[in-house]
Ligand SMILES: Nc1ncnc2c1ncn2[C@@H]1O[C@H](COP(=O)(O)OP(=O)(O)OP(=O)(O)O)[C@@H](O)[C@H]1O
Ligand SMILES: [Mg+2]
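Here's what the structure looks like:
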């Protein structure tokens with residue numbers, strides 16, 4: 054372990070120079086102390102002016118080198134100075150922010166080496182979870198709020214598909230049809246290519262059946278990532294991410310993503326919406342004393358891996374523009390080149406933990422990282438970057454004037470909050486007792502495009518009790534009028550064929566006329582389930598070959614049974630992933 058250098062010749066030029074470069078009059082976020090030749094210099098404080106924290110940043114490094122702890126350190130200091138923070142907590146290890154650290158020998162040793170005074174403290178944290186998948190207050194967004202451009206980017210739609218989506222959104226707007234979830238949108242698409250809808254659409258443009266089919270298929274793919282759980286209402290209000298406690302601390306919003314970390318498309322969709330909403334909702338702020346909000350994306354490579362090009366462009370553009378609204382964005386990832394170049398080019402603060410040079414890609418990333426730092430005579434950067442200890446980093450940050458400060462090998466401070474996760478059961482309790490819980494815990498099931506379209510066509514949505522039907526007789530399903538994909542459609546979308554379903558698992562076919570008169574059963578409890586069911590009910594496009602099994606498959610019960618089998622297959626496929 055390193056110690057303070059005896060300043061024997063009275064010219065500790067390095068420490069004095071670094072301290073002077075990083076000195077600032079205003080409040081700061083303190084990253085650590087500069088090191089040279091294995092010596093940690095107590096007075097060489099490496100810090101970022103609070104006012105510069107909207108200039109974005111990168112925290113990078115190989116696994117286990119200290120990235121998440123650095124994120125935690127920055128987040129708690131921003132919070133302590135009244136700046137609300139949003140952090141995507143992919144592994145769940147940020148939840149420790151809420152608890153004061155219990156220092157052990159390692160922290161004590163670090164504190165001593167750095168010459169710090171150290172008081173453990175927890176920060177105010179609000180836990181969120183996407184559509185309630187994980188411990189946290191459920192977060193949802195209405196699909197209408199995504200808008201056609203954003204949704205087109207999420208779906209990786211081409212220009213024709215994007216403009217068709219724009220048409221559909223315009224139509225929904227004009228006719229007052231709220232688009233809340235994926236089912237609303239898919240039902241509207243199907244309606245607009247039906248005979249009745251086509252006629253209406255003529256007045257505002259055209260939508261080809263083929264394009265609608267592609268969009269519907271893309272939506273099924275998104276649905277397979279359980280996206281429908283977070284499309285809906287109540288929609289998250291941006292104000293609730295920008296809260297300050299009565300004693301002036303910024304609330305840290307931790308989006309607990311551990312349960313959905315294998316579904317990056319799901320959370321990247323949400324994060325993209327959040328960034329775009331922030332950008333749209335916040336007024337221009339100019340240069341502020343401190344940011345209005347700082348965003349941290351831990352494991353940011355998941356955000357960009359396999360992301361559609363349009364998504365990456367959208368992130369780059371939003372990151373570029375959102376700075377002037379007072380929002381800072383920090384990406385946390387293993388290799389700097391996980392983050393696209395046009396995003397990297399915008400970053401003011403860089404905290405680079407140790408890099409490994411095991412693979413050719415590592416070696417390339419190491420060289421690339423070195424080339425992005427300001428020139429330094431203090432270190433051989435390529436060497437230093439592979440030699441850094443855990444919780445040490447090569448830092449460069451912007452000065453108050455916006456110029457890059459010298460490169461500093463830095464011993465990073467220990468956070469005041471607990472390193473590592475809090476028990477998820479405890480996180481769940483904290484979420485359920487938070488002030489946000491009563492606002493967001495229950496999904497609102499208001500009338501939306503699906504129900505309105507079904508009524509317009511004089512039918513009732515399948516899977517829900519027909520309202521106001523005194524006879525108890527079922528109206529024909531919306532699907533029967535062409536408002537839902539058939540089981541065959543779903544099978545085709547899944548890459549399976551109807552022939553691939555083991556028909557021996559189906560119950561014996563009921564007498565077709567009796568099945569027709571039967572009231573549809575509504576067993577679903579949640580809106581999303583009932584809507585999902587409606588999606589899978591539709592008119593069969595299969596040719597009638599007079600076979601009894603085919604007759605059964607065409608009946609309402611037959612379709613429902615096949616749909617259930619298909620859903621079972623989807624679930625199995627999902628579990629396998
Ligand atoms: N600033 C620090 N102060 C004290 N301990 C630290 C510090 N930074 C890192 N550590 C120690 O190193 C461990 C690993 O750090 P961390 O979890 O931040 O790594 P990581 O780079 O995020 O890893 P991964 O890529 O696996 O997510 C921590 O659990 C902690 O014990
Ligand atoms: Mg980590």
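Numbering (the numbering used here), first residue to last: 54 to 630. Where a beta carbon is used, it is the ideal one built from N, C-alpha and C, also for glycine.
Here the C-alpha atom of residue 356 lies approximately 10 Å from the C-alpha atom of residue 316. Put simply, the backbone Cα of residue 483 is about 18 Å away from that of residue 132. For the 7 Å CB-CB criterion, residue 466 and residue 85 form a contact. Judged by beta-carbon spacing, residue 240 lies beyond the 7 Å limit of residue 454, meaning their Cβ atoms are not closer than that value. Counting C-beta pairs closer than 8 Å gives three or more between the stretch 227-245 and the stretch 266-280, which meets the contact rule. The stretch 164-184 and the stretch 202-214 do not touch, with fewer than three beta-carbon pairs separated by less than 8 Å. Taking C-beta separations shorter than 7 Å and ignoring five residues to either side along the sequence, the partners of residue 489 in its chain run 179, 190, 293, following chain order. Taking a contact to require three or more Cβ pairs closer than 8 Å, the stretch 100-110 and the stretch 428-447 do not qualify as touching.
When secondary structure is reduced to three states using DSSP, residue 354 falls in the helix class. If only complete runs of 3 or more residues are kept, the stretch 173-215 shows the beta strand (DSSP E) at 178-183, 190-192, in order along the chain. Straight-line spacing of the CA atoms in residue 339 and residue 194 works out to 29 Å.
Rounded to the nearest whole angstrom, the C-alpha separation of residue 310 and residue 186 is 8 Å. Residue side-chain check: residue 443 places its Cβ nearer than 6 Å to a non-hydrogen atom of ligand 1. Listed in chain order, the alpha helix (DSSP H) elements of length 4 or more contained wholly in the stretch 405-470 are 413-424, 434-440.
At least one heavy atom of ligand 2 lies closer than 6 Å to the C-beta of residue 121. Non-local C-beta neighbours of residue 403 in its own chain, meaning closer than 6 Å and more than five positions away in sequence, comprise 111, 449, ordered along the chain. Annotation for residue 392: no beta strand (DSSP E) segment contains it, and DSSP assigns it neither H nor E. If you check the CB distance, residue 384 and residue 348 do not come in under 7 Å. For residue 80, the CB contacts under 6 Å within the same chain, skipping 5 residues up- and downstream, are 103, 134 in chain order. Selection 75, 245, 141, 267 evaluated against residue 259 yields 245 as nearest (Cα-Cα). With fewer than 16 other Cβ atoms from the protein chains shown falling within 10 Å of its own Cβ, residue 497 counts as exposed. Within the same chain, Cβ atoms closer than 7 Å to the Cβ of residue 344 are found at 106, 107, 136, 379, 380, 381, the five residues on either side in sequence being excluded. Counted as a single uninterrupted DSSP element, the alpha helix (DSSP H) harbouring residue 67 occupies residues 66-75.
Between the stretch 135-151 and the stretch 405-419 there are fewer than three C-beta pairs closer than 8 Å, too few to call the two in contact.
In the structure shown, the three-state DSSP call for residue 289 is coil.
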